[in-house]
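Residue numbers (the numbering used here), protein chains in the order written: chain A, 62 to 467; chain B, 5 to 297.
For every residue, glycine included, the Cβ atom is placed at its ideal position computed from N, Cα and C.
It should be emphasised that the depicted structure is a prediction, and the values quoted were computed from it without experimental measurement.
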Amino acid sequence: MNIHEYQAKELLQKFGVATPRGKAASTPDEAEQAARELGTNNLVVKAQIHAGGRGKGTFANGFKGGVHLCKSPAEARDLAAKMLGQTLVTHQTGPAGRVVNKVLIAESAEIAREIYFAILLDRATAGPIVVASTEGGVEIETVAAKTPEKILREKIQPLAGFQAHQGRKLAKQLGFETSQMKAAAKLFDGLYRTFMACDCSMLEINPLIVTPGGEVLALDAKFNFDDNALYRHPELAALRDIAEEDPREVEASKHGLNYIGLDGNIACLVNGAGLAMATMDIIKFYGGSPANFLDVGGGATEEQVTEAFKILVSDAKVKAILVNIFGGIMKCDIIAQGIINAVKTVKLPVPLVVRLEGTNVDAGKKLIAESGLRVITADDLGDAAQKAVHAANRGRTAIKEMSSTK
Amino acid sequence: MSILVDKNTRLVVQGITGSAGGFHARQCMEYGTNVVAGVTPGKGGQLFDGKVPVFDTVWEARQQTACNVSVIFVPAAGAADGILEAVDAGVELVICITEGIPVMDMMRVKAQMAGKKSWLIGPNCPGIITPGACKIGIMPGYIHKPGKVGVISRSGTLTYEAVWQLTSRGYGQSTCIGIGGDPINGMSHLDAVELFCDDPDTDSMILIGEIGGSAEEEAAEWIKVNCKKPVAAFIAGATAPPGRRMGHAGAIVSGGKGTAAGKIEALKAAGIAVAETPATMADTLIARMKGAN
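Quick look at the structure:
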């Protein structure tokens, strides 16, 4: 789950991490009011969407840039009016862009130095690790590739936690003066406490800035939360903004389905994440292109399978559907009945290839055979993938050519 | 023969009175697994299906039944505690089926298990099976066949796929282990490979990995130097877009690390035969055993 910049900063403030003062606004009026409350003429207006590259983005109405400096509440109001309700396209949003529903009005901080500071869960050490660099404000991947010696790594013992001396050492390694060291170390500790308390898998501050006056501030923040832990963080779950998500994925998550939308034309319905990934791979291997990743899991009900099938069918790009089930906990007859129920309520506009194996496979095959559904059956995974690719290329004619039922 | 579990395994099922725990405990017993105890806090003194004693704690179960392997079906919020309870009681092998455990919980479990003798398999895994002798977990028993191929995988259903391909071609399995799809887990690919390598009754291996992390690369490095047995592998997720987690919390390509291409290259460099598609995992191993690839 992702959150907006203004939400991230509010979260950090709760843990004593200093950020530039600011407030989110949903209307030009609110924007002007927020600017007035800040009581400064150094203002910045930032479009709030879940994608990077906002500063260099362009709005669909031609207005350039999702981040602007300004000098008065009236100007902040004008800028907010140009952004709110408009679609911002950046290199991360794709051509469709994202609608800006909120802007952040903040004090624009003067920058003497920019630092990169992140905490993530490191698989290799099975614990948190700090990754930091004096080269902030740029892509950290570029720094790592060109000047790997400028990347600092500090492991944190999972049971002991972040130690005060680690904060002081990092402050020194990041070039802080003796007079700034305690403030920097305190901020690092605040970031660590945020990371742990919010069950983050990553917390990235880029840049962390030092002002000419020596203040240390988190200028931007990116959080990755562990979805498995959201059950114990209702306050974080409430920050979810479904307007920022793929509508197919929103619909799938309502039904407890693990779905990720992709750009291809062969829809997949699979049980198990590994097999679902492998099914995408084999489609690609035979020259096709998957429209989605979908793992219906082991405990899915007929209803969930029906809903999953409806999501696949509603995708206009889809030219064929491949159902690949290896029943373990999941029973093949549940899948078969779920599909049959779905096709009763939604038309099946494209060829359907079904491969069933595992628990209750005979019952599943029998249900489909007796349903009168026009299904292209497959014996194994390779056969299924090739048939799906062929069907996607041939379109509706494939149904007549390849179906088991006349 | 086999690794880790066999006819002598004495199994305790944590969460035996829950619906998943009960269902799969029965399936394991039908397969022939020796289930000696169940544990559900607050239900001590009951009998599961009229024959398996239920205890309040793993400690009591261990004292009274000498159970040496545990399988966990406890819901995610309590699963990490369940693992540590079994370790604390001295259970030698703990298999955690539960999916959706917060990764911070697993981080603490892993740190607390350091230096302990117990093995952990999982979480978020199908379990372990020695065909014909002992099934612990949620895999369908009938697709397996006793034999000499060791199977190690991060994915449940992809393991079934590999096993079914082997069985359909007449090749049985010594033991099949699902190590789970979470970013922090117990037994690694490498741990399992070492055990299979030392097992005189395992003559070859299928290693199934997926994008994310570097566990497959570590296993490959070790195999290159230490393992003479034929190994075939498959890596899932070659077509997964970066930055999107593919179902498993651990299956994510981030910061250019953990790509399928990188893993496949490492496996090939170690002399492992890599299947081009998930439909040819068994064929790739069989060809390697015959020296054909």
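Residues that DSSP places opposite residue i in a beta bridge
i	result
residue 175(B)	For residue 175(B), which the question treats as bridged, DSSP gives no partner whatsoever.
residue 18(B)	43(B) and 76(B)
residue 421(A)	Residue 421(A) pairs with nothing; no bridge assigned.
residue 107(A)	128(A) and 165(A)
residue 236(B)	210(B) and 277(B)
residue 139(B)	133(B)
residue 438(A)	415(A)
residue 174(A)	271(A)
Listed by chain order, chain B residues near residue i by CB distance under 7 Å
i	result
residue 184(A)	187, 188 and 217
residue 194(A)	Within 7 Å Cβ-Cβ: nothing; residue 194(A) doesn't reach chain B, min ~13 Å.
residue 356(A)	251
Residue span of the beta strand (DSSP E) that contains residue i, given as start and end
i	result
residue 227(B)	Segment 219–230 is the alpha helix (DSSP H) holding residue 227(B); no beta strand (DSSP E) there.
residue 226(A)	No beta strand (DSSP E) contains residue 226(A), which is instead part of the alpha helix (DSSP H) from 225–234.
residue 215(A)	212–216
residue 100(B)	97–100
residue 105(B)	It is not in any beta strand (DSSP E) - residue 105(B) carries neither H nor E in the DSSP assignment.
residue 191(B)	Unbroken run through residue 191(B): none, as it is neither H nor E.
residue 53(B)	Taken as a continuous stretch (DSSP letters only), residue 53(B) belongs to no beta strand (DSSP E), as it is neither H nor E.
residue 356(A)	353–356
residue 282(B)	That residue, residue 282(B), is in no beta strand (DSSP E); it is neither H nor E in DSSP.
Interface partners of residue i on chain A, CB under 8 Å
i	result
residue 115(B)	187, 188, 218, 219 and 220
residue 252(B)	334 and 335
residue 237(B)	Chain A residues near residue 237(B): none, gap ~13 Å exceeds 8 Å.
residue 260(B)	202
residue 244(B)	338, 341 and 354
Residue range of the alpha helix (DSSP H) that includes residue i
i	result
residue 342(A)	334–346
residue 146(B)	Premise fails: residue 146(B) is in no alpha helix (DSSP H) and is neither H nor E.
residue 450(A)	442–455
residue 402(A)	393–406
residue 27(B)	23–35
residue 161(A)	Counting along the chain, residue 161(A) falls outside any alpha helix (DSSP H), and DSSP gives it neither H nor E.
residue 56(B)	Careful: residue 56(B) lies outside any alpha helix (DSSP H), inside the beta strand (DSSP E) at 56–59.
residue 203(A)	201–207
residue 370(A)	363–375
residue 311(A)	308–315
Per-residue contacts from residue i into chain A (C-beta, under 7 Å)
i	result
residue 248(B)	321
residue 130(B)	389
Heavy atom of the ligand MG within 7 Å of residue i beta-carbon
i	result
residue 368(A)	Looking at this structure, you won't find the ligand MG or any other ligand, since it has none at all.
Chain-ordered chain A contacts of residue i [CB-CB under 9 Å]
i	result
residue 241(B)	335, 338, 339, 341 and 342
residue 255(B)	334, 335 and 338
Interface partners of residue i on chain B, CB under 9 Å
i	result
residue 368(A)	Chain B residues near residue 368(A): none, gap ~17 Å exceeds 9 Å.
Could you check whether the segment 261–274 of chain A touches the segment 202–215 of chain A, counting it as contact only if at least three pairs of C-beta atoms, one from each stretch, sit closer than 8 Å?
No: fewer than three Cβ pairs fall under 8 Å.
Check distances from the C-beta atoms of the segment 153–171 of chain B to those of chain A and list, in chain order, the residues that come in under 9 Å.
Interface annotation for the segment 153–171 of chain B against chain A: 157, 158, 159, 160, 161, 162, 163, 164, 165, 168 and 169, criterion Cβ-Cβ distance under 9 Å.
Got a sec: which bits of the segment 78–112 of chain B sit with their beta carbon under 9 Å from any beta carbon on chain A, in order along the chain?
Flagged, chain order: 80, 81, 103, 104, 105, 106, 107, 108, 109, 110, 111 and 112.
Members of the segment 372–392 of chain A that neighbour chain B once the beta carbon cut-off is set at 7 Å:
If the cut-off is 7 Å between Cβ atoms, the segment 372–392 of chain A has 387, 388, 389 and 390 near chain B.
Evaluate contact between the segment 200–207 of chain A and the segment 289–306 of chain A, counting only Cβ atoms and requiring at least three cross-stretch pairs below 8 Å.
Remark: fewer than three beta-carbon pairs, one from each stretch, lie closer than 8 Å, so the segment 200–207 of chain A and the segment 289–306 of chain A are not flagged as touching.
The segment 358–377 of chain A contacting the segment 285–294 of chain B, beta-carbon criterion three pairs below 8 Å
No, the segment 358–377 of chain A is not in contact with the segment 285–294 of chain B.
By the 9 Å beta-carbon criterion, what residues does the segment 10–42 of chain B contribute toward chain A?
So the list reads 24, 27 and 28, given in the order they occur along the chain.
Given a limit of 8 Å on CB to CB distance, which residues of the segment 252–280 of chain A reach chain B?
Those would be 257, 260 and 262, in chain order.
Would you check if the segment 260–267 of chain B and the segment 215–233 of chain B touch, i.e. whether three or more CB-CB distances between them fall below 8 Å?
Contact between the segment 215–233 of chain B and the segment 260–267 of chain B is present, because at least three Cβ pairs lie under 8 Å.
Count the C-beta pairs between the segment 118–133 of chain A and the segment 142–154 of chain A that are closer than 8 Å, then say yes if the count reaches three, no if not.
Touching, yes.
Residues in the segment 426–457 of chain A with C-beta within 9 Å of chain B's C-beta atoms, listed in sequence order?
Taking 9 Å as the Cβ-Cβ cut-off against chain B, the residues of the segment 426–457 of chain A that qualify are 441, 442, 443, 444, 445 and 446.
Would the segment 321–341 of chain A count as touching the segment 80–100 of chain A if we require 3 or more Cβ pairs under 8 Å?
Taking a contact to require three or more Cβ pairs closer than 8 Å, the segment 321–341 of chain A and the segment 80–100 of chain A do not qualify as touching.
If contact means a Cβ-Cβ distance below 9 Å, which residues of the segment 273–295 of chain B contact chain A?
Residues of the segment 273–295 of chain B with a Cβ closer than 9 Å to any Cβ of chain A, in chain order: 280, 281, 282, 283 and 284.
Could you name the residues of the segment 395–424 of chain A whose beta carbon sits closer than 7 Å to any beta carbon of chain B, in the order they occur along the chain?
Under the 7 Å Cβ criterion, the segment 395–424 of chain A contributes 418, 419 and 420.
For the segment 277–284 of chain B against the segment 436–444 of chain A, do three or more pairs of beta-carbon atoms, one drawn from each stretch, fall closer than 8 Å, so that the two count as touching?
Because the criterion of three Cβ pairs below 8 Å is met, the segment 277–284 of chain B and the segment 436–444 of chain A touch.
The segment 13–20 of chain B touching the segment 63–77 of chain B, judged by at least three CB pairs closer than 8 Å:
The segment 13–20 of chain B vs the segment 63–77 of chain B: in contact.
Residues of the segment 336–354 of chain A in Cβ contact with chain B at a cutoff of 9 Å, in chain order, please.
Against chain B - using a Cβ distance shorter than 9 Å - the residues of the segment 336–354 of chain A are 336, 337, 338, 339, 340, 341, 342, 343, 344, 345, 346, 347, 350, 351 and 354.
With 7 Å as the C-beta to C-beta threshold (strictly closer), list the residues of the segment 84–100 of chain A near chain B in chain order.
The segment 84–100 of chain A vs chain B, Cβ under 7 Å: nothing.
Say whether the segment 238–249 of chain B touches the segment 189–202 of chain B, bearing in mind that this needs 3 or more beta-carbon pairs closer than 8 Å, one atom from each stretch.
The segment 238–249 of chain B makes no contact with the segment 189–202 of chain B, as fewer than three CB pairs between them are under 8 Å.
I'd like to know if the segment 415–427 of chain A and the segment 390–400 of chain A are in contact, where contact means that at least 3 CB-CB pairs between them fall below 8 Å.
Yes: the two stretches touch, three or more of their Cβ pairs being nearer than 8 Å.
I'd like to know if the segment 31–42 of chain B and the segment 133–149 of chain B are in contact, where contact means that at least 3 CB-CB pairs between them fall below 8 Å.
Touching, yes.
Mind listing which residues of the segment 137–153 of chain B have their C-beta closer than 8 Å to chain A's C-betas, in chain order?
Cβ contacts with chain A: 142, 143, 144 and 147.
Decide yes or no for the touch test of the segment 181–200 of chain B against the segment 102–121 of chain B: beta carbon pairs closer than 8 Å, at least 3 of them.
Counting Cβ pairs under 8 Å, three or more are found: they touch.
Residues of the segment 281–297 of chain A whose Cβ lies closer than 8 Å to any Cβ of chain B, in chain order:
Look at the segment 281–297 of chain A: the residues with a C-beta under 8 Å from a C-beta of chain B are 287, 288, 289, 290, 292 and 293.
Check distances from the C-beta atoms of the segment 189–215 of chain B to those of chain A and list, in chain order, the residues that come in under 8 Å.
Within the segment 189–215 of chain B, the qualifying residues are 212, 214 and 215.
Could you tell me whether the segment 131–139 of chain A touches the segment 172–181 of chain A, using the rule of 3 or more Cβ pairs below 8 Å?
In short, these stretches do not touch, since the Cβ pair count stays below three.
Determine contact between the segment 345–352 of chain A and the segment 316–325 of chain A, defined as no fewer than three beta-carbon pairs at a distance below 8 Å.
Because the criterion of three Cβ pairs below 8 Å is met, the segment 345–352 of chain A and the segment 316–325 of chain A touch.
Measuring CB atoms only, is the segment 224–242 of chain B touching the segment 231–247 of chain A, in the sense that at least three cross pairs come out at less than 8 Å?
No: fewer than three Cβ pairs fall under 8 Å.
Is it true that the segment 182–192 of chain A meets the segment 251–263 of chain A, where meeting means three or more beta-carbon pairs spaced less than 8 Å apart?
Yes: the two stretches touch, three or more of their Cβ pairs being nearer than 8 Å.
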